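K.L.:
Number of protein chains: 2
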Amino acid sequence: MDTCNKISKFMLRNGYECRVMGVPKTIDNDLFGTDHCPGYGSAAKYIATSIGEIYHDARVYDTGMICIVEVMGRHAGWLAASAALPRTVGARAPHLIYLPEVAFDPEQFIRDVKEVQSLTRNCIVAVSEGVRLEDGTFAAENFQSGAVDAFGHRYLSGVGKYLESLVREKIGCKVRSIELNVLQRCSSHLMSATDVREARKIGSYAIRFALQGHTGVMMVFERVSNLPYMVRIGCKPVSEIANREQLVPRAWINKQGNDVTDEMFEYLLPLIEGEVPYPTQNGMPVHFVLNKSIVE
Amino acid sequence: MDTCNKISKFMLRNGYECRVMGVPKTIDNDLFGTDHCPGYGSAAKYIATSIGEIYHDARVYDTGMICIVEVMGRHAGWLAASAALPRTVGARAPHLIYLPEVAFDPEQFIRDVKEVQSLTRNCIVAVSEGVRLEDGTFAAENFQSGAVDAFGHRYLSGVGKYLESLVREKIGCKVRSIELNVLQRCSSHLMSATDVREARKIGSYAIRFALQGHTGVMMVFERVSNLPYMVRIGCKPVSEIANREQLVPRAWINKQGNDVTDEMFEYLLPLIEGEVPYPTQNGMPVHFVLNKSIVE
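Each protein sequence line maps, in turn, to chains V and Y. Going by this note's numbering, 131 is the number at position 131 of the first sequence; the sequence numbering is gapless. Heads up, this note's numbering is the position in the second sequence plus 1000, with the first residue counted as 1.
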């Protein structure tokens, strides 16, 4: 949005009539000034669906296991928070959720896992890739510098592998880590109908607002109510928004820092609502491809 | 199927009238004597869909990248082979596919990647977790013993991480590895309608065959034709089948050992055909849960 701000100012200064509109878009959902960002609802739906499936997969086996799922999000925990949603459709997982908004304490993490193990044989953990220690360094940073591959190189692993290693070391039980990786941002076969509808709408409103004379603004969603779910589309000066992050409010994370609260469910559930049918061929989704051509 | 064989013989020997029927089920698709196994088509559909999405994700960026996708399969390459399918719906990937049926040569792999890079900026590689070197050891084995984590433990990484490290070392370009992990076996939101229909059918035929007097047999699919797709359900003595693996025929892998041939497409495409609608609640699939109770 910073670029949007600069271009808009440049155009105004040079008397060139061009309206510059910012339309938010990020699965990270961390843009300031809007209730949520297009893209987020679909990524959250993929994460929630996957965590539900991982839970049911683990449930089949009688030997207990710790399963750590690493979710995207370097600074904000919005994506990892969506891992909580399967609990509303019968899954008794994940048991623990760690977001970057709260300092991560490896020793407390081990105590948390042990406590879950005292109650149930499987423990599913969702963790943001960006969780940091009290001193501000990424939790996996020390681990990474210690790990060396066959070529003597620093092994760049994520926080999932780090916690897997930590559990193996400190608890010694069966443990696995799963990195949802790029599929959480590109699994278009599992889009949220709400997200897709809103993305189209906020784009068309941006055109309408531009025609009304707005420039240097970002289009935003304002939440009117959760139940029924209602949002209003408006715009805010980019200068008020650029370079600011929207983190998960501390009040939406439980006191112990290992789960989300009811507010998060109320916020999130409407965003993943509805399925989007997609065209298939040979049993696979057909993707719409834009050819990139150089315009002379 | 070995257990099925033993129980059947025991029952016959002891004059206890109990028919023992084997019904195949494995996403690995490596049971001998049947054209394919229930479960495989759905896993293949998930893998094909994911590879297609990964391709379109990579396509967005102008900086070239090598993307290595690790697919399940310790002994047989059936699952990794399904990565080829997105090519039939417009994806120009994956560029390279490595199966355990052909000895893996790390130096040839690097040459293969370089050749792809000379033609296109992105290179997507699908690799079976079970690829082995000429001497029979797993390709990632040496790598694993070299890697040590922060606790001084052997780092148990997969072949994807190994090849990622190899590319970084030998080519030095941007590279990423993705492990599809357990989601390829448990993503029930993406089942093949053909697979689900056949699974029900082969189960009901097993009952029918048992009532006709068969015992100590495994139910099998026999492929009648690819186009139109037709299978016949029969049974074979478990003694002929147990402890034998069905690998990908060498003729279905290209000469260089880095891709599959047309025969694989003809075999595979019918198995992933059709979508299965599923009940949803709160925007997520609802899973049917069997409570495990101890029968006194």
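We treat Cβ as the ideally placed atom computed from N, Cα and C, and that holds for glycine. Quick caveat: nothing in here was measured; it's all calculated off a predicted structure.
(1) Determine the DSSP secondary structure at asparagine 1005(Y), reduced to helix, strand or coil.
(2) Using C-beta distances below 7 Å, list every residue in its chain close to proline 1237(Y), excluding the 5 sequence neighbours before and after it, in chain order.
(3) Is it true that the region 1005-1012 of chain Y meets the region 1229-1247 of chain Y, where meeting means three or more beta-carbon pairs spaced less than 8 Å apart?
(4) Less than 8 Å between CB atoms is the rule here; does cysteine 1186(Y) satisfy it with respect to chain V?
(5) In the DSSP assignment, find the beta strand (DSSP E) that holds asparagine 1236(Y) and state where it starts and stops.
(6) Looking at chain Y, is there any beta carbon in it that lies within less than 8 Å of the beta carbon of threonine 88(V)?
(7) Quick one, which residues of the region 250-275 of chain V are near chain Y if we go by CB-CB under 7 Å, in chain order?
(8) Would you call proline 1277(Y) buried or exposed, if buried means 16 or more other Cβ atoms sit within 10 Å of its Cβ?
(9) So arginine 185(V) and isoleucine 27(V) are in contact, right, with Cβ under 8 Å, and what is the actual spacing, rounded?
(10) Take every Cβ of the region 279-286 of chain V, pair it with every Cβ of the region 121-129 of chain V, and state whether three or more of those distances are shorter than 8 Å.
(11) Taking Cβ-Cβ distances shorter than 9 Å, what residues in chain V pair up with glutamate 1053(Y)?
(12) Given a limit of 7 Å on CB to CB distance, which residues of the region 103-117 of chain V reach chain Y?
(13) With 7 Å as the C-beta to C-beta threshold (strictly closer), list the residues of the region 47-75 of chain V near chain Y in chain order.
(14) In the structure shown, what three-state DSSP assignment does phenylalanine 10(V) receive?
(15) To the nearest angstrom, report how far apart tyrosine 267(V) and asparagine 226(V) are at their CA atoms.
(16) Would you say aspartate 1262(Y) touches the ligand SAM, meaning its beta carbon is less than 7 Å from a heavy atom?
(17) Excluding five sequence neighbours on each side, which residues of the same chain lie with their C-beta closer than 6 Å to the C-beta of methionine 21(V)?
(18) Any idea what DSSP makes of isoleucine 171(V), helix, strand or coil?
(19) Just how far apart, CA to CA, sit glycine 1160(Y) and alanine 1139(Y)?
(20) So, does the CB of glutamate 1198(Y) fall closer than 8 Å to a CB anywhere in chain V?
(21) Between the alpha carbons of proline 1038(Y) and arginine 1019(Y), how many angstroms are there, rounded?
(22) So what does isoleucine 66(V) bridge to, in DSSP terms?
(23) Measure the Cβ-Cβ separation of tyrosine 40(V) and leucine 271(V) and say whether it is below 8 Å.
(24) Would you kindly report the start and end of the unbroken alpha helix (DSSP H) that includes arginine 1111(Y)?
(25) What does a CB cutoff of less than 7 Å around arginine 244(V) pick up in its chain, not counting 5 residues either side in sequence?
(26) For the candidate residues Glu17(V), Gly15(V), Asn14(V), Pro24(V), whose alpha-carbon lies nearest to that of glutamate 198(V)?
(27) Per DSSP, which residues does valine 1071(Y) bridge with? Please list them.
(28) Report buried or exposed for tyrosine 1061(Y), applying the criterion of at least 16 other Cβ atoms within 10 angstroms of its Cβ.
(29) So, with DSSP's three-state summary, where would you put glutamine 1184(Y)?
(30) Straight-line CA distance for valine 113(V) to asparagine 254(V)?
(31) Quick one: which chain Y residues come within Cβ less than 8 Å of asparagine 282(V)?
(32) For aspartate 1057(Y) and isoleucine 1051(Y), I'd like the C-alpha separation in whole angstroms.
(33) Identify the contact partners of serine 293(V) in chain Y, using a Cβ-Cβ distance below 8 Å as the criterion.
(34) Count the other CB atoms within 10 Å of the CB of alanine 251(V); is the residue buried (16 or more) or exposed (fewer)?
(35) Identify, in the order they occur along the chain, each residue of the same chain with its Cβ nearer than 7 Å to the Cβ of valine 1116(Y), setting aside the five sequence neighbours on each side.
(36) Of the choices Gly1172(Y), Ile1054(Y), Lys1045(Y), whose alpha-carbon is the least far from that of leucine 1079(Y)?
P.N.:
If we stick to the structure as given:
(1) For the purposes of this step, residue 1005(Y) is taken as the residue at position 5 of the second sequence. In the structure shown, asparagine 1005(Y) sits in a helix (DSSP, three-state: H, G or I).
(2) Translated into positions along the second sequence, residue 1237(Y) becomes position 237. For proline 1237(Y), where only same-chain residues beyond five positions count, the Cβ hits under 7 Å are Gly1216, Val1217.
(3) With the cut-off at 8 Å, the region 1005-1012 of chain Y and the region 1229-1247 of chain Y touch.
(4) As a first step, residue 1186(Y) is located in the second sequence; it is residue number 186 there, counting from the start. Closer than 8 Å: yes.
(5) Residue numbering aside, residue 1236(Y) sits at position 236 when the second sequence is read from its first letter. The residue asked about is misnamed: residue 1236(Y) is lysine in this sequence, not asparagine. Boundaries of the beta strand (DSSP E) around lysine 1236(Y): 1230-1237.
(6) As a position in the first sequence, residue 88(V) is number 88, starting the count at 1. At least one chain Y Cβ lies under 8 Å of threonine 88(V).
(7) Leu269, Ile272, Glu273, Gly274, Glu275
(8) Residue numbering aside, residue 1277(Y) sits at position 277 when the second sequence is read from its first letter. Looking at its Cβ environment, which holds fewer than 16 other Cβ atoms inside 10 Å, proline 1277(Y) is exposed.
(9) On the first sequence, position 185 is the one that residue 185(V) refers to. On the first sequence, position 27 is the one that residue 27(V) refers to. Going by Cβ atoms, the distance from arginine 185(V) to isoleucine 27(V) rounds to 5 Å, so yes, they are a contact pair.
(10) no
(11) Taking the second sequence and counting its residues from 1, one reaches residue 1053(Y) at position 53. Here the neighbours are Val182, Leu183, Cys186, Ser187, Ser188, His189, Pro285, His287.
(12) none
(13) Ala48, Thr49, Ser50, Gly52, Glu53, Ile54, His56, Asp57
(14) Along the first sequence, read from residue 1 onward, the residue named residue 10(V) stands at position 10. It is helical.
(15) Position 267 of the first sequence holds residue 267(V). Position 226 of the first sequence holds residue 226(V). About 7 Å.
(16) Within the structure as shown, the ligand SAM is missing, as the structure has no ligands at all.
(17) Looking up residue 21(V) in the first sequence gives position 21. Excluding positions up to five away in sequence, the list reads Ala206, Ala210.
(18) If you number the first sequence from 1, residue 171(V) lands on position 171. Coil at isoleucine 171(V), not helix or strand.
(19) Position 160 of the second sequence, counting from 1, holds the residue named residue 1160(Y). Position 139 of the second sequence, counting from 1, holds the residue named residue 1139(Y). Approximately 10 Å, taken between the alpha carbons.
(20) Taking the second sequence and counting its residues from 1, one reaches residue 1198(Y) at position 198. Output row for glutamate 1198(Y): interface = no.
(21) Along the second sequence, read from residue 1 onward, the residue named residue 1038(Y) stands at position 38. Along the second sequence, read from residue 1 onward, the residue named residue 1019(Y) stands at position 19. Computed Cα separation, rounded: 21 Å.
(22) On the first sequence, residue 66(V) is found 66 positions in, with the first residue counted as 1. Looking at the DSSP assignment, isoleucine 66(V) forms a beta bridge with Cys123(V), Val175(V).
(23) Working through the first sequence from its first residue, we reach residue 40(V) at position 40. Working through the first sequence from its first residue, we reach residue 271(V) at position 271. Contact: yes.
(24) As a working mapping, residue 1111(Y) is identified with position 111 in the second sequence. Taken as a continuous stretch (DSSP letters only), the alpha helix (DSSP H) holding arginine 1111(Y) covers 1106-1117.
(25) Residue mapping note: residue 244(V) aligns to position 244 of the first sequence, counting from 1. These residues qualify, in order along the chain: Phe32.
(26) Within the first sequence, residue 198(V) is the residue found at index 198, counting from 1. The candidate whose alpha carbon is nearest that of glutamate 198(V) is Pro24(V).
(27) Taking the first residue of the second sequence as 1, we reach residue 1071(Y) at position 71. Bridge partners of valine 1071(Y): Ser1128(Y).
(28) As a position in the second sequence, residue 1061(Y) is number 61, starting the count at 1. Classification of tyrosine 1061(Y): exposed, given that the 10 Å Cβ count is below 16.
(29) For the purposes of this step, residue 1184(Y) is taken as the residue at position 184 of the second sequence. For glutamine 1184(Y), the three-state secondary structure derived from DSSP is helix.
(30) Counting from one through the first sequence, the residue named residue 113(V) turns up at place 113. Counting from one through the first sequence, the residue named residue 254(V) turns up at place 254. Whole-angstrom Cα-Cα distance: 16 Å.
(31) Translated into the one-based positions of the first sequence, residue 282(V) becomes position 282. Result: Leu1085, Thr1088, Val1089, Leu1269, Ile1272, Glu1273.
(32) Counting from one through the second sequence, the residue named residue 1057(Y) turns up at place 57. Counting from one through the second sequence, the residue named residue 1051(Y) turns up at place 51. Cα to Cα, aspartate 1057(Y) sits roughly 10 Å from isoleucine 1051(Y).
(33) Locating residue 293(V) in the first sequence gives position 293, where the first residue counts as 1. Think of a sphere of 8 Å around the beta carbon of serine 293(V): no beta carbon from chain Y falls inside it, the nearest being about 14 Å out.
(34) Here residue 251(V) is taken as the residue at index 251 of the first sequence, counted from 1. Burial call: exposed.
(35) The residue given as residue 1116(Y) occupies position 116 in the second sequence. Excluding sequence neighbours, valine 1116(Y) sits near His1095, Leu1096, Cys1123.
(36) Here the question's residue 1079(Y) lines up with position 79 in the second sequence. Answer by Cα proximity: Lys1045(Y).
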